[in-house]
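Numbering (the UniProt record's numbering), first residue to last: 1 to 80.
Even glycine gets a Cβ: it sits at the ideal position worked out from N, Cα and C.
One structure is given here, and the rest of the page talks about it.
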């Protein structure tokens, strides 16, 4: 989702056109959200509890986490 607009910014700049200011991410977020996202190194129980507090059961938690690998960019080095 970020690559197309970012590519457009670089393309326009490469053609000698004026600089286009670009900022990736949510434009309505001015501060970091609550620190409720479980970290990969935390135990399963903390993940389950974090999702439970947000109204998700274990099946929904697994579904959401599994989809992140498909939709996001989870890899060996970092999570975006």
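Based on Cα-Cα distance, which residue from the options lies nearest to residue i?
i, options, result
"residue 37", "12, 53, 15, 8", "53"
"residue 24", "66, 34, 4, 16", "4"
What's the C-alpha gap between residue i and residue j?
i, j, result
"residue 84", "residue 7", "An answer regarding residue 84 cannot be provided, because it is not within the stretch 1 to 80 covered by the chain."
"residue 46", "residue 26", "27 Å"
"residue 9", "residue 32", "26 Å"
"residue 65", "residue 51", "10 Å"
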